[in-house]
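6 protein chains.
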Amino acid sequence: MELKKFWEEREKLNEKILREGNLYTKRFFALDNDVYKDGAIPRKYKEMMGLVASIVLRCDGCIMYHIVKCVEMGITKEEFYELLNIAMVVGGSITIPHIRKAVKYFEEARQLQL
Amino acid sequence: MELKKFWEEREKLNEKILREGNLYTKRFFALDNDVYKDGAIPRKYKEMMGLVASIVLRCDGCIMYHIVKCVEMGITKEEFYELLNIAMVVGGSITIPHIRKAVKYFEEARQLQL
Amino acid sequence: MELKKFWEEREKLNEKILREGNLYTKRFFALDNDVYKDGAIPRKYKEMMGLVASIVLRCDGCIMYHIVKCVEMGITKEEFYELLNIAMVVGGSITIPHIRKAVKYFEEARQLQL
Amino acid sequence: MELKKFWEEREKLNEKILREGNLYTKRFFALDNDVYKDGAIPRKYKEMMGLVASIVLRCDGCIMYHIVKCVEMGITKEEFYELLNIAMVVGGSITIPHIRKAVKYFEEARQLQL
Amino acid sequence: MELKKFWEEREKLNEKILREGNLYTKRFFALDNDVYKDGAIPRKYKEMMGLVASIVLRCDGCIMYHIVKCVEMGITKEEFYELLNIAMVVGGSITIPHIRKAVKYFEEARQLQL
Amino acid sequence: MELKKFWEEREKLNEKILREGNLYTKRFFALDNDVYKDGAIPRKYKEMMGLVASIVLRCDGCIMYHIVKCVEMGITKEEFYELLNIAMVVGGSITIPHIRKAVKYFEEARQLQL
């Protein structure tokens, strides 16, 4: 399963980066975690914003990560497709290969529960 | 006011495009409207997703448009800054000049009520 | 063959998306097909424009798709390399890894006739 | 007229760059001219490819330049709107503010004959 | 002078953002400052890296900022043009409108001493 | 080893492109080599600029190439992580999947000596 393999590699390399990187590396990684915390905007919608951003910027690694998080937050299939439509219309047909992968990863993430 | 001038030019040129463009032009414009309608995801969060996407893709025209819509949907200042943080962390310091403009347009949009 | 595998996965996931997606998903997919139809600009040049856009935006999935279509439309090797030069000069050396793949896929597409 | 002002600034700064820049600067500028010359692909379609690339990459300066060149090559209004549709569908709604400007510049370029 | 106006607007809006934004906003702004500090890589080359990144990402606000910093660090005209060549070759002709502005801002920054 | 496989494919396809491509293809490839030569800016820092640009533009092929060159130029681990921080802060969390790969390739390049 592509998503599982990605997740394991991600964990392993993140550890290496946090071990080897300097103070600012660690601070950026912390910040990248903090901005998605519950606040005035519920965490679920923050993760959905992260997913839209990842699709329009066409980053498969980021798409995988935020899909796992969205599934954790309980995103429904209807919400997922409405989100894909926004990303697809904003980002254009150039996002379609990534939309296809997103659909595949969404299925995997719902089975996998990382 | 920069936002007001943008809006008037936008209206005028959109009319011209819809008058002169062909069937597919009109269909894309319709779709670009439809995907933000209320659904499984409330319209307010859809507009916020549109704004995050506009910031990470660094498009000032799109930022102005979605800020007007977010203000219409009643976004609060707390929500606005949480959204900016997500966009800034995802998109990096390269978004900061656009974040600055977003802050200025947000102020204008709240006064203007387009 | 990389191109063949891409095409099969593409077909399968497109079907899934059109089955599961909503009305707007279907409309975008239709539009993405319609704009390349013969018109004032011959279809061959439209597909070539799609290929240039895919290279400068550095989307391998889109590059594969438009190469198949360009080959279907009878693009010659001379035309193909002139097109690559435009994409490479507009998009810079950052496109070169994608240019390399394009050259490989072009060969495959000419043998494969999808 | 926005296009006229752009063109004059462009000429002046290009001269400065070619005067002050080194050998490689000059070579890149030469190459950027050469790849649009008539060849297996007629120059008109090459300029149209340059325009599509400029729109999906959302570069207003490049859009202005290629519109002037497309008008010089005799592009019709029908061709122009078909081209815009391709760029808009590939690049998404994020291109719309640039599409609006393209429509304005097209009008100016047809009157101006730079 | 364009650069001077940019700088004043920048200062004013940064203050507003740091006053109104939350903890994470402040942390990102601090980090964006910290990573350019002298270290294993001399600060001058860090600012030059920031400028190359700003040009290939085509962000005029960021280009202005890093040009001011590079001039502060004593960048010479020869170094500046070698840097422009790298950015232009990596990012392609789509960067040329930004290269033209960079040349103009470089002149302004050397006179202005912000 | 991923890097080794990339390098072999790269060599083979570059040869094919230079054999089949036209004069302008060759000129662009030459230029892409020339701008990194020693000059007012030492070659090591030029390669580091190329690496920063490759990360913020999120091109894995380009990242691999410039890492090999940076290792050849003797980049230290401290310099490498300072460079990654700049790229990560400029380009945002969207670069993190590429940062992870960069860390892996750096290790491979130091063992491999291509």
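Residue numbers (the working numbering), protein chains in the order written: chain A, 1 to 114; chain B, 1001 to 1114; chain C, 2001 to 2114; chain D, 3001 to 3114; chain E, 4001 to 4114; chain F, 5001 to 5114. Note that the Cβ used here is the ideal one computed from N, Cα and C, for glycine as well.
Determine the chain A residues that contact residue 3093 of chain D at a beta-carbon separation under 7 Å, and present them in chain order. 89 and 90
Q. Can you check whether the CB of residue 2103 of chain C is closer than 9 Å to the CB of residue 5026 of chain F?
A. no
**Asked** Alpha carbon to alpha carbon, how far is residue 1044 of chain B from residue 45 of chain A?
**Response** 11 Å
Practice item. Sort E/4070, E/4108 and E/4053 by Cα distance to residue 5092 of chain F and report the nearest one. Key: E/4053
Contact between the region 2093-2100 of chain C and the region 4063-4083 of chain E (3+ Cβ pairs under 8 Å): no
- Tell me which same chain residues have a C-beta within less than 7 Å of the C-beta of residue 4029 of chain E, skipping the five on either side of it? 4018
Please confirm whether residue 5078 of chain F and residue 4039 of chain E have their CB atoms less than 9 Å apart. yes
- Item | Contact list for residue 1056 of chain B against chain E, beta-carbon separation under 9 Å | Per Cβ cutoff of 9 Å: no residues; residue 1056 of chain B is ~12 Å from chain E at best.
Problem - Close beta carbons around residue 5037 of chain F, own chain, < 7 Å, minus the five adjacent residues each side - result: 5043
Check your understanding: Which of helix, strand or coil does DSSP assign to residue 5045 of chain F?
Key -> helix
Here's the rule: buried if 16 or more other CB atoms are within 10 angstroms of the residue's CB, otherwise exposed. What is residue 2001 of chain C?
exposed
Exercise for the section: Would you mind sorting residue 82 of chain A into buried or exposed? The rule is 16 or more other CB atoms within 10 Å of its CB. Expected result: buried
Exercise. Note down, in chain order, every chain E residue with its Cβ under 8 Å from the Cβ of residue 3074 of chain D.
Key: Ordered by position in chain E, no residue passes the 8 Å Cβ test against residue 3074 of chain D, which lies about 23 Å from the chain.
### Query
Any beta-carbon of chain E closer than 9 Å to the one on residue 18 of chain A?
no
Item checked: Cβ-Cβ distance between residue 1024 of chain B and residue 2013 of chain C below 9 Å -> no
Please list, in chain order, all residues of the same chain as residue 3060 of chain D whose beta carbon is under 8 Å from its beta carbon, the five residues on each side excluded.
-> 3098 and 3101
Notebook entry, point to check: chain F partners of residue 2063 of chain C, CB-CB under 7 Å?
Noted result: Within chain F, no residue comes near residue 2063 of chain C; the closest Cβ sits about 13 Å away, beyond 7 Å.
Under three-state DSSP, which class holds residue 59 of chain A?
coil
Q. With a cut-off of 9 Å, does the C-beta of residue 24 of chain A fall near any C-beta of chain F?
A. yes
Which residues in the same chain have their Cβ closer than 6 Å to the Cβ of residue 3084 of chain D, if we skip the five residues on either side of it in sequence?
-> 3099
Which residues in the same chain as residue 110 of chain A place their Cβ atom closer than 8 Å to its Cβ, once the five residues preceding and following it in sequence are excluded? 71
Review point. Along chain E, in chain order, which residues have C-beta atoms closer than 9 Å to that of residue 1103 of chain B?
Key: 4013, 4016, 4017, 4020 and 4021
* Whole-Å CB distance - residue 4088 of chain E paired with residue 4047 of chain E, under 8 Å assumed -> Actually they are not in contact, since the Cβ atoms of residue 4088 of chain E and residue 4047 of chain E sit about 18 Å apart, beyond 8 Å.
Please name the residue in C/2020, C/2035, C/2008 and C/2055 whose C-alpha comes closest to that of residue 106 of chain A.
C/2020
Item checked: Whole alpha helix (DSSP H) elements within the region 59-100 of chain A, 4-residue minimum -> 60-72 and 77-91
Problem - Distance, residue 4034 of chain E Cα to residue 5041 of chain F Cα - result: 24 Å
Next item on the list: Give the straight-line distance between the Cα atoms of residue 4075 of chain E and residue 4007 of chain E, rounded to the nearest whole angstrom.
Entry: 20 Å
Give me the residue from F/5086, F/5090, F/5063 and F/5065 with the minimum Cα distance to residue 4057 of chain E. F/5090
Quiz item: Is there at least one Cβ from chain C nearer than 9 Å to residue 1035 of chain B's Cβ?
Solution: yes
Self-check item: Listed by chain order, chain C residues near residue 81 of chain A by CB distance under 8 Å
Solution: 2020, 2021, 2022 and 2025
Given that residue 4070 of chain E touches chain B, what residues does it touch there, using C-beta distances under 9 Å? Those do not exist, as residue 4070 of chain E stays about 16 Å from chain B at its closest Cβ, beyond 9 Å.
Contact list for residue 2053 of chain C against chain D, beta-carbon separation under 8 Å: 3052, 3053, 3056, 3086, 3087, 3090 and 3091
C-alpha distance - residue 4063 of chain E paired with residue 4011 of chain E, whole-angstrom precision: 16 Å
Determine the DSSP secondary structure at residue 1040 of chain B, reduced to helix, strand or coil. coil
Exercise. Under 7 Å between beta-carbons, which chain F residues line up against residue 3028 of chain D? List them in chain order, please.
Key: 5031
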